[in-house]
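Enquirer: Input: one structure, supplied below.
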Amino acid sequence: MSAGSTRDRYSTISGRGLDWDSVPMRLFQKAKRLGVWDPQALDFSADGADWTGFDGVEQDFLLRTLALFQAGEEGVTSDLLPLIMAVAGEGRIEEEIYLTSFLWEEAKHVEFFRRWLDQVAIARGDLGHFLTSSYRQLFLVELPSSLNALKSDQSVEAQIRASVTYNMIIEGVLAETGYHGFRQSLEANGKLPGLLSGIRLIARDESRHIRYGVFLLDRLINDSRDGSDVMTQRMSELWGLAMGMISEF
Numbered sequence: 053m054s055a056g057s058t059r060d061r062y063s064t065i066s067g068r069g070l071d072w073d074s075v076p077m078r079l080f081q082k083a084k085r086l087g088v089w090d091p092q093a094l095d096f097s098a099d100g101a102d103w104t105g106f107d108g109v110e111q112d113f114l115l116r117t118l119a120l121f122q123a124g125e126e127g128v129t130s131d132l133l134p135l136i137m138a139v140a141g142e143g144r145i146e147e148e149i150y151l152t153s154f155l156w157e158e159a160k161h162v163e164f165f166r167r168w169l170d171q172v173a174i175a176r177g178d179l180g181h182f183l184t185s186s187y188r189q190l191f192l193v194e195l196p197s198s199l200n201a202l203k204s205d206q207s208v209e210a211q212i213r214a215s216v217t218y219n220m221i222i223e224g225v226l227a228e229t230g231y232h233g234f235r236q237s238l239e240a241n242g243k244l245p246g247l248l249s250g251i252r253l254i255a256r257d258e259s260r261h262i263r264y265g266v267f268l269l270d271r272l273i274n275d276s277r278d279g280s281d282v283m284t285q286r287m288s289e290l291w292g293l294a295m296g297m298i299s300e301f
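Numbering (my numbering), first residue to last: 53 to 301.
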């Protein structure tokens, strides 16, 4: 284990090695097979023609939707590091290894949406006006504050609050349902094939992220006598904001 800014050993050359059958290591194998797509390689040529054929209302709807996805992906990319550090500080090498792919994939999602906005919608102005009050409270306040709290408090209970915010509410409820509904809409309309391809790839990545979140919360709750109550309380605190985001959209 490490103490302060130093180490006294490395897990992978100890008798412990790596737990290849653990959920994080299995997810890491999947990430290496399925998560290596390149946002720069997706073909947006047909999307440009579709975009110019949309009327103002349709374009506004797309910009609003993509602004929420874009900001959300930036948020989960920027705010994940304190959780990774907390996990690493406990010597959980398998989880730390998987989380390197997790963060890399989130960064690619940021790249994907920004590339589409730049090259197809030519939306280089400020899109912040699309963020509703519930969205702002959840992504600009609750997400960073719960994750950044881990910089000074890495207790199991603080990790549960962070994981509920990030893994359960933002990824498990909002991202999962948002991407699913948007993908269905694109498939039904038969337009924007480049955007659809990226959404499908992102959804595949997110399924692994959600699986890790379930694993993490289960581990944390089992490590804390009050873990279940902490999870329930945090869910209660955030549920209204999550539902508000949906109704305000």
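The beta carbon of each residue, even a glycine, is placed where N, CA and C say it ideally should be.
Out of curiosity, what's the CA-to-CA distance linking P196 and L132?
Expert: Within the sequence shown, the letter at position 144 stands for residue 196. Within the sequence shown, the letter at position 80 stands for residue 132. Rounded to the nearest angstrom, the two C-alpha atoms are 9 Å apart.
Enquirer: Can you give me the Cβ contacts of D102 inside the same chain, cut-off strictly under 7 Å, excluding the 5 residues immediately before and after it?
Expert: Position 50 of the sequence shown, counted from the start, is the residue given in the question as residue 102. Once the five neighbours on either side are set aside, the close Cβ partners of D102 are K243, L244.
Enquirer: How is the alpha helix (DSSP H) around D270 delimited, first residue to last?
Expert: The count along the sequence shown starts at 1 and reaches residue 270 at position 218. Where D270 is concerned, the enclosing alpha helix (DSSP H) stretches over 245-274.
Enquirer: Reducing DSSP to helix, strand and coil, say where R213 ends up.
Expert: Here residue 213 refers to the residue found at position 161 of the sequence shown. R213 falls in the helix class under three-state DSSP.
Enquirer: Using the beta-carbon count (16 or more within 10 Å), is S198 buried or exposed?
Expert: On the sequence shown, residue 198 is found 146 positions in, with the first residue counted as 1. With 16 or more Cβ atoms within 10 Å of its Cβ, S198 is classed as buried.
Enquirer: Per DSSP, what kind of secondary structure is T229 in: helix, strand or coil?
Expert: Position 177 of the sequence shown, counted from the start, is the residue given in the question as residue 229. Helix, per DSSP.
Enquirer: Please specify which runs of the alpha helix (DSSP H), each continuous and at least 4 residues long, are wholly inside the region 111-157, giving them in chain order.
Expert: As far as the region 111-157 is concerned, its whole alpha helix (DSSP H) runs of at least 4 residues are 133-141.
Enquirer: Using 8 Å as the threshold, is the C-beta distance between M297 and L226 below it?
Expert: Residue mapping note: residue 297 aligns to position 245 of the sequence shown, counting from 1. Residue mapping note: residue 226 aligns to position 174 of the sequence shown, counting from 1. Yes.
Enquirer: For T64, does the three-state DSSP call read helix, strand or coil?
Expert: Taking the first residue of the sequence shown as position 1, residue 64 is located at position 12. In this structure, T64 counts as helix in the three-state DSSP scheme.
Enquirer: Tell me which residue opens and which closes the alpha helix (DSSP H) that L91 is part of.
Expert: Residue numbering aside, residue 91 sits at position 39 when the sequence shown is read from its first letter. Residue 91 is actually Pro in this sequence, not Leu. No alpha helix (DSSP H) holds P91; DSSP gives it neither H nor E.
Enquirer: Taking C-beta to C-beta, are W168 and L247 nearer than 8 Å?
Expert: Your numbering for residue 168 matches position 116 in the sequence shown. Your numbering for residue 247 matches position 195 in the sequence shown. Result yes, Cβ atoms of W168 and L247 sit closer than 8 Å.
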